[in-house]
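In short: position in the sequence shown from 1, add 11, done, that's this note's numbering.
Note that CB positions come from ideal geometry on N, CA and C, so glycine has one too.
Quick notes on the structure that follows.
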Amino acid sequence: MNVTLRQLQVFLSVAHTRNFSRTGHAVGLTQPAVSRSITELEAQLGLQLVNRTTREVELTDAGHSLAARLPRVLDDLDATLADVAGMATGTRGRVRVASSPTLSANLMPECIAQCRLRHPGMELMLLDRVQSATLASVLSGEVDFGVVIDPQEREALACETILTEPFLLACPPGHRLGLNKGSVNWTDLNGESLVLLDHASGSRRLIDEALSRLDVRCTIAQEVGHTTTIFRMLEAGLGVAVIPQLALPPQGLQTLCVRPLAPRMDRQVMLVRRRNRALSPLAQTAWQLVREQAKKLAALESMPAPERKHSRAPGRPHQPK
Numbered sequence: 012m013n014v015t016l017r018q019l020q021v022f023l024s025v026a027h028t029r030n031f032s033r034t035g036h037a038v039g040l041t042q043p044a045v046s047r048s049i050t051e052l053e054a055q056l057g058l059q060l061v062n063r064t065t066r067e068v069e070l071t072d073a074g075h076s077l078a079a080r081l082p083r084v085l086d087d088l089d090a091t092l093a094d095v096a097g098m099a100t101g102t103r104g105r106v107r108v109a110s111s112p113t114l115s116a117n118l119m120p121e122c123i124a125q126c127r128l129r130h131p132g133m134e135l136m137l138l139d140r141v142q143s144a145t146l147a148s149v150l151s152g153e154v155d156f157g158v159v160i161d162p163q164e165r166e167a168l169a170c171e172t173i174l175t176e177p178f179l180l181a182c183p184p185g186h187r188l189g190l191n192k193g194s195v196n197w198t199d200l201n202g203e204s205l206v207l208l209d210h211a212s213g214s215r216r217l218i219d220e221a222l223s224r225l226d227v228r229c230t231i232a233q234e235v236g237h238t239t240t241i242f243r244m245l246e247a248g249l250g251v252a253v254i255p256q257l258a259l260p261p262q263g264l265q266t267l268c269v270r271p272l273a274p275r276m277d278r279q280v281m282l283v284r285r286r287n288r289a290l291s292p293l294a295q296t297a298w299q300l301v302r303e304q305a306k307k308l309a310a311l312e313s314m315p316a317p318e319r320k321h322s323r324a325p326g327r328p329h330q331p332k
């Protein structure tokens, strides 16, 4: 079909105003030119889109259907053109980033906030997905890059480690493993009921590998999708949990005990993109921003807990009350 963008824009205005004259004023055309544009669009589609009366224009069923779908299509086209234009300047456009849930909650919000402050022409759009879906969206080209836990398969990916953090033990107050103020040995988990992230999480493989390597035998009481669910289950007395440090909320866990695990086992947070596919200048700017924010977060996490609790989010300017 030889349908023009101008014809679609004119039709959408007619659908809104229900009047050729008002549409002409809105889009800068004469009334006959508006009528001709609609007639040409109808000819291309082979359908009547409007019923013309002496007072106003009424949409046909086909016209209603097109008017309902067209705004989203035109918005997507605008976003695509803005993305391409941003490639030329590296300053304006949209960057799509996929991220697994813990990272979406604890790393990406500050990245998006910093993007708005430092790069007002850039829109950082986050897709919050489990790790497998995040990797799939990177490989398919749906997003510019992803933020994930160390992926098992890297052959098709270019990866950069931006943050290394330990796994911790979380348990209810009064539990035997929380009575000691120091570290808890992984082998002390023998016989315990564990509440863990399910296998959709990038961390679960690493936790299972650590338990197997140290020959720790536990019962898996529950497998869940989010660390917040883990915390609620521990509060209900359903077991203990191995969690990544980044899963801890900024204010800490007021109703649970958290202890380091020894020997220390880390997970690596990585930026990933398709191998042999260069990032656009705009996406490269976003990649650098996430890298910098992860470095600030690592410095914050290394602070003593009382200092960390009362610190502002890294890099965010103070907002007057």
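Item                                                                                                          : Value
The segment 220-228 / the segment 150-162 touching (three or more Cβ pairs under 8 Å)                         : no
Own chain partners of Q330 with C-beta closer than 7 Å, once the 5 adjacent residues on each side are dropped : Residue confidence is low: Q330 scores 40 on pLDDT, short of 50, so the model does not pin down where it sits. No coordinate-derived value is stated.
Stretch pair the segment 246-256 + the segment 178-193: three plus CB contacts closer than 8 Å                : yes
Element boundaries [beta strand (DSSP E), containing C229]                                                    : It is not in any beta strand (DSSP E) - C229 carries neither H nor E in the DSSP assignment.
Buried/exposed call for D72, threshold 16 Cβ in 10 Å                                                          : exposed
Residues that I49 bridges to, as DSSP identifies them                                                         : I49 is not bridged to any residue.
Three-way DSSP call (helix, strand, coil) for A93 in this model                                               : helix
Whole-angstrom C-beta distance between D161 and V106, which should lie under 8 Å                              : In fact, because the Cβ distance is near 23 Å, the residues do not count as touching under 8 Å.
Anticipated Cβ contact below 8 Å, A297 with L174, distance rounded                                            : Between L174 and A297 the Cβ distance is about 16 Å, and since that is not below 8 Å, they are no contact.
Among R83, L190, V283, P120, nearest to E164 - alpha-carbon criterion                                         : V283
CA-to-CA distance, S115 to T28, given in whole angstroms                                                      : 42 Å
Selection from D87, R127, D139 that minimises the alpha carbon distance to L300                               : R127
contact_flag[the segment 63-70, the segment 14-31] where n(CB pairs < 8 Å) is 3 or more                       : yes
R216 versus T15, F22, H130, Q142, residue with shortest Cα-Cα distance                                        : Q142
N196 in three-state terms, based on DSSP                                                                      : strand
Separation of M136 from M281, as counted between CA atoms                                                     : 18 Å
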